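Chains as they are written, first to last, in this note's numbering: chain A, 873 to 1129; chain B, 873 to 1129; chain C, 873 to 1129; chain D, 873 to 1129; chain E, 873 to 1129; chain F, 873 to 1129.
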């Protein structure tokens, strides 16, 4: 492999000796969300970065918490939930409603909840924090299989990275890719209607996009989910209805009803 | 708990000793607005920040005043109404119309009305004022259970915080969260149609969003209310009609009529 | 009352001794425009600031002139019409068409017409002029009950106030509020369709908004009026048709026809 | 009359001695365009400034040339056509098509055609030129009753007035108002659909707006004209069809056909 | 003729002695495109500048090449095709498809193809090049009757003229007007739907606008052509279908089919 | 041939001696994508640059990989895939799903996969890299017939070329044109609806545009493909349905079903 000022030139006789390249079988990481994993061949591609995108109130945080909690409870995988918007207490109370005891998962060291304080007096730049080598080392030591960042939009809007937003996003993505975890980035969308979406930088960069939507039908805002993009996956592109019931999210196939 | 330059790293063996974390039962704070509390499990989540958003003329101020006045009269909870847009005299007269005597509530120390003067000769930066430690101390001493800021949009547009708008909003939110009160932020929306909403920073930051709307039906602008988001709450996402009658706001379930 | 750097902290035992606070009965100021006052409980709230908003050609100036002229002729109230856009001669001729003799009202000292010259050679900054203490003193000495500024949009677009547009608007509003007059600010709107309105700063700041509209029906632009907002008033939110006839504006209730 | 730093304070006992104020009878200036003058009480208000607005190809220039040529031929009024966009030769040829001989009108000193060269090597700032005292003096000496500026949009876009665009527009308008002529400003509109119009500064400043439109009906762009605004005039607000025939513009009343 | 700082003041007794002014008969320049010249009185006005505008893929280049090649082959007029976007080889191959041999036309000195290289290493500012006196002199020496610039949009976007874009456009137009040729400027449009067009500076400046469109009908993007503006021409404003067949463009009258 | 400061002035007696000019027969380069080549006369024009444009999730990368892999396997042509967005491992796994073994193609030196690392610590400006003479020389030495850049949008958004974006795009295009390869530039589109497309600089510069679309029909986002532009090609402008099946992309003619 030859580097020309940062360019990796892959020659045939080098790269594919690389053990990573030969492990071509891709594992799937199930979310455990009822009715969802069937839409994406059983789960997210291992080590991928998927954007959960939606306007306020579309249940992005619940999606992320279920991903982490189900990982720990159903699949025995460690997880880390990085929250900027919402305090850990609120997350725990919110999940108790669905019958999950986040507190005991934290105590049994199955999950970690990390709260980044962005108060301008106490806190500092979230880009600096997420890319801090000490922090990355601690994350690596915990070795989570699942990570959620809630939200990547807040990380970006509160950071002033020296190399610009576009590169900062790439840098953060690189850190998570190298952790060998499967990652969800929560993404705040300003407008919602499918088919008139305006895509943002984050979406071109991610391996997958799951779009959550509150859409006015009659006199009610109803909830819908669409998988817009998922690399290495034969995914449905249907618009699925979902609800929040007493156990968490539940996705329905509209065509079956 | 370990702080890495402002990052709060929560370990399983530390945080959940924290008494706050173990009080997982969430109390509800009823608004007392007729027909509304049933839509949100009986009331707003205690200590949450909810945005009341709408274009001019959508009755945001009346919503806020009812929240404070009902708190004092029906639920015995002290309240503070922080007004920037409208003078206290006008607020009092407006409420007398609905049979509320704000003056006597003020005199009996059940509520406070705080007017922030933004005249460029007499007044100063509202961000500075709301985050002024002396002011915060006085608020804390009064120990209100309910607070209204009318409007957060004016606070932001009239302030020039050194750390930028995004962080200033976070700082103000932090101050109110730490007061242990339940807070309403009135929010000025520039356009109105549900389903084409463009969300703003304030909305991603808040725990709840209640959207008030004047919508043209036939030859009349009618009033509608929708709960777009409310954390820790199984809320309706229906579009409800409401009117302003002789006693204040009255919300109707369109599906029942 | 305690001032914390410009913040007025109202305590229960102080403010309501203030005689202004106890005069809770609000007087109404009729416009005298045919068919209109019934929509707003008989008139504008005394001492309020109402925006008359519309695109070019929607009869804003005629609305304002009727308000002033009717005040003087029908209700015995002195009025001041501050014009920037249109010269006094043109205003007088325009009103002669409707049978009003502005000239004799001026001569009998019932009204004043003030023309602010914005020529860049002769004139100066309208914000400076309106907030000039000498000018304010003269206004106060005349003691008008009704004031029209035609238009506030021109005042803003031609001024470069040191404290920024947002505060300048507040300062001007404060001056008119303290004159104890009822004020109309004419407001230039760039687009017109109700329901797709984009609201501006001026609209969040005012006590009332009356929207005048030219709307294409069939092959004719027809005139419509809507009261979008009016504090302390149970106002209609209907869309009313109006015409300009030989006596001035005439508002119709579409639902009665 | 008292001037406070550029503000003209009109007292009742002063202004109306002014002879201009007492000439309250307004004369009308017919355009001579077939089918048009009936829509505006027989003609434009004398000494007014009217915007002829439209996207490219809507026949603005032909409207202006007819106004000048008809003035000279039918009403014996001298006129000046100030052209920036199009060269005099082209104007003359274009009018020969409609049976007008501009050349002989120029030779008999009934009209003047003034071409402002905006070539960056030869020409200079059109704002400087139009407000040049020498130029204004020459205009005044010719004493035209009708003036056309084709187009005011080009004047503005090619000028860099020290006092800013908004004031420059006012200054130019003032010069033409003081010439005692009736003026048409041709105005370039970027988009066209009536009812979705976005109005510009020029439109709030003018006394009248005539909107010319190419509108797609079936597979043809058809021509329409609407009088959106005209001070001191009871004008139609209908949408009228017009064509360009062998004699010039011809306006039809759609409701009569 | 008197120049006041760049203003050409045309007096009746001077200008019309100018021989150009007396040649009022306008010649037409046929494009030779099948079905098109009938829409514009037989051809483009001699010495005019016409914009051929459209989004990518609307056949602008083919229109321009036909104009030049037909000039040389059918009407014996010399032509110059100035290309920035596309290399001469590609132009030649493209035309060979339609049975034109551009190469032999070039060799017989009937046409010239000029390629402006905008490579940032080899090339330079196209505005500088087109206004270069040496280049203009060479063009004049060749004495073309027809010129195409493909595209004026690229010229503008790649130039940094000291006097600003607006003036640069005027300067380039002036150079071509003074060459006594009839000119087509190819113009890149970003959006396409007729009736929602947003016009640009180039369009107000040109003598004519021909709009080429790809419009979705059913499941096919079909080609349409409309003459939006053409000075000194009674042109159709219909929307005409056109195709690209084996001989070049072919315009159909939709109303005849 | 005469160069005037970067302008190539082509005289009839020079250029067409140039051997390139006389090779007027254009070869086609088939993509090998099922159902697609028939829409474009059997393949892309040799040595052209075609934009594959679409929002996230529209299968742009799969289109590009098939173009390279089919070239090597079906047509014996060497290819280079330059990836910025996605890592080579992921590309290989993704293609294994469709039965392609990229690894063995790389090992047999039929294709190269080049990954440009844009990490702000390790990587550098992609414009610098792609235009690096050493890199260009290596590319030339490999002599690929097919090149894909995935994506040109990332190249542009991550580069800060000294001569500006517009020229940088031209420079990159020039490098690829001079390699005698047929090139695909993947292009990230922010919005998607055909007929409301807003075109970008890249699209005016390319020889062809293929538009991939996810369009909501019923409750499913379906995939469509349209050839918007292709120079030297009589291409369909229909909207074709396509799917991703077990062997790769498959294009259907909607009119045949």
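Even for Gly, the Cβ is constructed at its ideal location relative to N, Cα and C.
All figures in this text were calculated on a predicted structure; none of them were measured in a lab.
Contiguous alpha helix (DSSP H) elements confined to the region 888 to 946 of chain F occur at 891 to 894 and 932 to 946, taking only those with 4 or more residues.
Within chain D, 928 and 929 have C-beta atoms less than 9 Å from the C-beta of residue 1081 of chain E, given in sequence order. For a cut-off of 8 Å, the C-beta gap from residue 929 of chain C to residue 921 of chain D is around 14 Å, too long to register as a contact. Of the candidates E/982, E/1077, E/1088 and E/1054, E/1054 places its Cα closest to the Cα of residue 919 of chain E. Ranking F/1106, F/1121 and F/1077 by CA distance to the CA of residue 927 of chain E puts F/1077 first. Here residue 976 of chain E is exposed: its Cβ has fewer than 16 other Cβ atoms, across all protein chains shown, within 10 Å. Taking 8 Å as the CB threshold, residue 1063 of chain C lines the interface with chain D.
Residue 1070 of chain B is positioned such that its CB atom lies no closer than 8 Å to that of residue 923 of chain B. Around the Cβ of residue 1061 of chain B, a 10 Å sphere holds 16 or more other Cβ atoms; the residue is buried. Collapsing the DSSP output to three states places residue 1043 of chain B in a helix. Separation of the CB atoms of residue 950 of chain F and residue 1007 of chain F is rounded to 17 Å, and the pair is thereby denied contact status at 8 Å. For the pair residue 959 of chain A and residue 986 of chain A, the Cα-to-Cα distance works out to about 9 Å.
Within chain C, the residues 928 and 929 have their CB atoms less than 7 Å from the CB of residue 1101 of chain D, given in chain order. Residue 906 of chain E does not reach chain F, its nearest Cβ partner there being about 17 Å away, counting only Cβ pairs nearer than 8 Å. The Cβ atoms of residue 907 of chain C and residue 1101 of chain C lie no closer than 8 Å to each other.
For residue 1060 of chain F, the uninterrupted beta strand (DSSP E) segment begins and ends at 1054 to 1060.
DSSP places residue 1037 of chain F in the helix class (H, G or I) of the three-state scheme.
Closest option to residue 1084 of chain B, judged by alpha-carbon separation, among B/1115, B/961, B/1091 and B/1105: B/1115.
By the Cβ rule, the region 941 to 948 of chain F counts as touching the region 900 to 916 of chain F, because three or more pairs are nearer than 8 Å. Taking C-beta separations shorter than 8 Å and ignoring five residues to either side along the sequence, the partners of residue 1026 of chain F in its chain run 956, 957, 990, 998 and 1060, following chain order. Per DSSP, residue 982 of chain A lies in no alpha helix (DSSP H) and is assigned neither H nor E. Buried is the label assigned to residue 933 of chain E, since at least 16 other Cβ atoms lie within 10 Å of its Cβ. With its beta carbon at least 8 Å from every one in chain E, residue 1027 of chain D lies outside the interface. Looking at the DSSP output, residue 974 of chain D sits in no beta bridge, so it has no partner there.
Secondary structure note for residue 1103 of chain A: it is in no alpha helix (DSSP H), with a DSSP letter that is neither H nor E. In the assembly as shown, residue 1104 of chain D is a buried residue. Its beta-carbon has 16 or more other beta-carbons within 10 Å. Residues of chain F whose Cβ lies closer than 7 Å to the Cβ of residue 962 of chain E are, in chain order, 1103 and 1104. Going by DSSP, residue 1026 of chain F is part of the alpha helix (DSSP H) stretching over 1024 to 1029.
With contacts defined as CB atoms closer than 8 Å, residue 988 of chain D and residue 954 of chain D qualify as a contacting pair.
Only exposed fits residue 1032 of chain E, as fewer than 16 other CB atoms lie within 10 angstroms of its CB. DSSP places residue 1049 of chain A within a helical segment (H, G or I) once states are collapsed to three. Close CB contacts of residue 968 of chain B within its chain, under the 8 Å cut and outside five residues either way in sequence, are with 974 (chain order). For residue 959 of chain C, there is no enclosing alpha helix (DSSP H), since its DSSP letter is neither H nor E. For residue 1012 of chain A, the uninterrupted alpha helix (DSSP H) segment begins and ends at 1005 to 1014. Between residue 1043 of chain C and residue 1001 of chain B, the alpha-carbon positions lie close to 19 Å from each other.
When C-alpha distances from residue 1028 of chain C are compared across C/1012, C/1072 and C/1005, the shortest belongs to C/1072.
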